[in-house]
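**Student:**
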Amino acid sequence: MNMQKFWFGLAVAFGVMACSSDEDPVDCEKSGLFLSLGTVVNATQCGVADGSLKVFGSGGKEPYQFSLKNGPTQDNGQFNNLPPGIYTIVLTDANRCSTTLDNVYIKAKDFTFTAEITDDNSCLGSNGAVTLQVSSGNPPYLFAIGTGDFTENNTFSNLPEGYQTIMVKDNEGCVVNLGVTIPRGFSGTSWENDIKPIIETKCALSGCHNGSRPDLRVFANAKTYAKSMKSKTQDRSMPAEGSLTDAQIQLIACWVDDGALAN
Numbered sequence: 018m019n020m021q022k023f024w025f026g027l028a029v030a031f032g033v034m035a036c037s038s039d040e041d042p043v044d045c046e047k048s049g050l051f052l053s054l055g056t057v058v059n060a061t062q063c064g065v066a067d068g069s070l071k072v073f074g075s076g077g078k079e080p081y082q083f084s085l086k087n088g089p090t091q092d093n094g095q096f097n098n099l100p101p102g103i104y105t106i107v108l109t110d111a112n113r114c115s116t117t118l119d120n121v122y123i124k125a126k127d128f129t130f131t132a133e134i135t136d137d138n139s140c141l142g143s144n145g146a147v148t149l150q151v152s153s154g155n156p157p158y159l160f161a162i163g164t165g166d167f168t169e170n171n172t173f174s175n176l177p178e179g180y181q182t183i184m185v186k187d188n189e190g191c192v193v194n195l196g197v198t199i200p201r202g203f204s205g206t207s208w209e210n211d212i213k214p215i216i217e218t219k220c221a222l223s224g225c226h227n228g229s230r231p232d233l234r235v236f237a238n239a240k241t242y243a244k245s246m247k248s249k250t251q252d253r254s255m256p257a258e259g260s261l262t263d264a265q266i267q268l269i270a271c272w273v274d275d276g277a278l279a280n
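When you read off a place in the sequence shown, starting at 1, and then add 17, the result is the number in the working numbering.
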């Protein structure tokens, strides 16, 4: 076997412009799609849906569609009849690119709150957190997350990146839903210790496109094609032979999301 050609063709194990040529026609990360907050009108009291918010879209390709997280879409950024809570607004453009505006507060005169949010920076685990503080209402307060029971605990730990539904109930039984988004933090996933060994042990191929693609063991090549490495390993279209574990796929994603660093 020609070992030089064998290693030179390593990149195609990830399908980087080889073995699979499908690419998204629009790079949403470069589309410039942006969502900005205009006005927020607080609700008059707990349990009353008379708050509102307005957002503006820009960039990308019009027409736009706006929605609250998990809600129906509409063609404008004005949302009315909202009860107190924390909201995520979603903007989708004509290219199906999307962006979000997270953790927008609508408070009430008798129910004000803050959420101290800690990023999830664990690649293979979850260490995000939320601590809620409520005032100007009817204490004592009870707290619940997801489908869990209400308790006096106002801190929720070991949360993954993403959207979490947290509920607060006051002494009069009024319940406020808080749609909190846990941001992704910097995971510190290492090229040298985590990613390069995956490439060397799991993705060495010969024969695919005759070894005519760049060698992903070389950091500069891996960084250039980092986005394709992430997308094609996540949809399991690559490597063309063999397979990666869920943990290996997640490590590649974390490294790419960290900025594909030479660490």
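All residues carry an ideal CB built from backbone N, CA and C; glycine is no exception. From a predicted model like this one, the values you see are computed outputs, not experimental measurements.
To which residues of the same chain is Leu278 closer than 7 angstroms at the C-beta, ignoring the five residues directly before and after it?
**Tutor:** On the sequence shown, position 261 is the one that residue 278 refers to. These residues qualify, in order along the chain: Trp208.
**Student:** Counting only beta-carbon atoms, is Leu159 nearer than 8 angstroms to chain D?
**Tutor:** Of the protein chains in this structure there is only one, and it is not chain D.
**Student:** As a quick exercise: from Val58, Cys114, Asn87, pick the residue whose alpha carbon is nearest that of Tyr81.
**Tutor:** As a position in the sequence shown, residue 81 is number 64, starting the count at 1. Ranking the options by Cα distance to Tyr81, first place goes to Cys114.
**Student:** With a cut-off of 8 angstroms on the beta carbons, I'd call Val273 and Cys63 a contact; round off their distance for me.
**Tutor:** Locating residue 273 in the sequence shown gives position 256, where the first residue counts as 1. Locating residue 63 in the sequence shown gives position 46, where the first residue counts as 1. The pair is not a contact, with the Cβ atoms about 43 angstroms apart (cut-off 8 angstroms).
**Student:** State yes or no: is the C-beta of Arg201 within less than 8 angstroms of the C-beta of Asp119?
**Tutor:** To locate residue 201, count along the sequence shown from 1; it is residue 184. To locate residue 119, count along the sequence shown from 1; it is residue 102. Contact: no.
**Student:** Considering only C-alpha positions, which residue in the set Val43, Phe51, Gly55 is nearest to Ser75?
**Tutor:** Locating residue 75 in the sequence shown gives position 58, where the first residue counts as 1. When only C-alpha atoms are compared, the closest one is Phe51.
**Student:** Which residue marks the beginning of the alpha helix (DSSP H) containing Leu268, and which one marks its end?
**Tutor:** Residue 268 sits at position 251 when you count from the first residue of the sequence shown. Per DSSP, Leu268 belongs to the alpha helix (DSSP H) from 263-274.
**Student:** Within its chain, find whatever has a CB closer than 7 angstroms to the CB of Phe167; leave out the 5 residues flanking it on each side and keep chain order.
**Tutor:** Here the question's residue 167 lines up with position 150 in the sequence shown. Same-chain partners within the cutoff: Leu159, Phe160, Ala161, Lys186.
**Student:** Whose CA, out of Val58, Lys78, Glu79, lies closest to the CA of Lys71?
**Tutor:** Looking up residue 71 in the sequence shown gives position 54. The option with the nearest alpha carbon to Lys71 is Val58.
**Student:** Mapping the DSSP letters down to three states, classify Ser245 as helix, strand or coil.
**Tutor:** Working through the sequence shown from its first residue, we reach residue 245 at position 228. In the structure shown, Ser245 sits in a helix (DSSP, three-state: H, G or I).
**Student:** Apart from the five residues just before and just after Thr117, which ones in its own chain have a Cβ nearer than 6 angstroms to its Cβ?
**Tutor:** Residue numbering aside, residue 117 sits at position 100 when the sequence shown is read from its first letter. So the qualifying residues of the chain are Thr105, Val107.
**Student:** Output the boundary residues of the alpha helix (DSSP H) element that contains Lys213.
**Tutor:** Taking the sequence shown and counting its residues from 1, the one referred to as residue 213 is at position 196. Note, Lys213: alpha helix (DSSP H), 213-219.
**Student:** Find out if the Cβ-Cβ distance for the pair Asn175, Asn155 is shorter than 8 angstroms.
**Tutor:** Numbered from its first residue, the sequence shown carries residue 175 at position 158. Numbered from its first residue, the sequence shown carries residue 155 at position 138. In this structure, Asn155 does not lie closer than 8 angstroms to Asn175 by Cβ.
**Student:** Just the Cα atoms here: how many angstroms apart are Ser69 and Thr198?
**Tutor:** Here residue 69 refers to the residue found at position 52 when the sequence shown is read from its first residue. Here residue 198 refers to the residue found at position 181 when the sequence shown is read from its first residue. In a straight line, the C-alpha of Ser69 is about 20 angstroms away from that of Thr198.
**Student:** Taking its Cβ as the centre, do 16 or more other Cβ atoms sit within 10 Å of Phe96, making it buried, or is it exposed?
**Tutor:** To locate residue 96, count along the sequence shown from 1; it is residue 79. When all chains shown are included, Phe96 counts as buried.
**Student:** So what's Thr164 in DSSP terms, helix, strand or just coil?
**Tutor:** Taking the sequence shown and counting its residues from 1, one reaches residue 164 at position 147. Note: Thr164 maps to coil in three-state DSSP.
**Student:** Quick check on the burial criterion: 16 or more other C-beta atoms within 10 angstroms. Buried or exposed for Phe130?
**Tutor:** Looking up residue 130 in the sequence shown gives position 113. Buried is the call here.
**Student:** So, is Ser260 buried or exposed, given that buried needs 16 or more other C-beta atoms within 10 angstroms?
**Tutor:** One-based indexing of the sequence shown puts residue 260 at position 243. By the 10 Å Cβ count, Ser260 comes out exposed.
**Student:** Going by CA-CA distance only, name the one from Glu79, Cys271, Ala60 that's closest to Asp211.
**Tutor:** Looking up residue 211 in the sequence shown gives position 194. With distances taken between Cα atoms, Asp211 lies closest to Cys271.
**Student:** Compute the Euclidean distance between the alpha carbons of Thr262 and Asn170, then round it to the nearest angstrom.
**Tutor:** On the sequence shown, position 245 is the one that residue 262 refers to. On the sequence shown, position 153 is the one that residue 170 refers to. Each residue's Cα considered, the two are about 36 angstroms apart.
**Student:** Count the other C-beta atoms from every protein chain shown that fall within 10 angstroms of the C-beta of Gln17, then say buried if there are 16 or more, exposed otherwise.
**Tutor:** Residue 17 lies beyond the stretch modelled for the chain, which goes from 18 to 280, so this question has no answer here.
**Student:** Report the option in Gln265, Lys240, Gly163 whose CA atom is closest to the CA atom of Ala251.
**Tutor:** Reading the sequence shown from its first residue, position 234 is the one you call residue 251. Contrary to the premise, residue 251 reads as Gln rather than Ala in this sequence. That would be Gln265, whose Cα lies nearest to the Cα of Gln251.
**Student:** By alpha-carbon positions, which one of Phe173, Leu149, Asn93, Tyr122 ends up nearest to Pro101?
**Tutor:** Here the question's residue 101 lines up with position 84 in the sequence shown. Nearest of Phe173, Leu149, Asn93, Tyr122 to Pro101, Cα basis: Tyr122.
**Student:** Can you look up Gln251 in the DSSP assignment and give me helix, strand or coil?
**Tutor:** For the purposes of this step, residue 251 is taken as the residue at position 234 of the sequence shown. Helix, per DSSP.
**Student:** Give the straight-line distance between the Cα atoms of Ala28 and Thr135, rounded to the nearest whole angstrom.
**Tutor:** The count along the sequence shown starts at 1 and reaches residue 28 at position 11. The count along the sequence shown starts at 1 and reaches residue 135 at position 118. Any answer about Ala28 is weak, because its pLDDT of 47 lies below 50 and its placement is not dependable; what the coordinates show is given next. Distance between the alpha carbons of Ala28 and Thr135: 37 angstroms.
**Student:** Decide if Asp275 is buried, meaning its Cβ has at least 16 other Cβ atoms within 10 Å, or exposed.
**Tutor:** For this step, residue 275 is matched to residue 258 along the sequence shown. Buried, by the Cβ-count rule.
**Student:** Rounded to the nearest angstrom, what separates Gln150 and Phe173 at their Cα positions?
**Tutor:** By one-based count along the sequence shown, residue 150 stands at place 133. By one-based count along the sequence shown, residue 173 stands at place 156. About 12 angstroms.
**Student:** With DSSP collapsed to three states, give me the class of Lys3.
**Tutor:** Any property of residue 3 remains undetermined from this structure, which presents the chain solely from 18 to 280.
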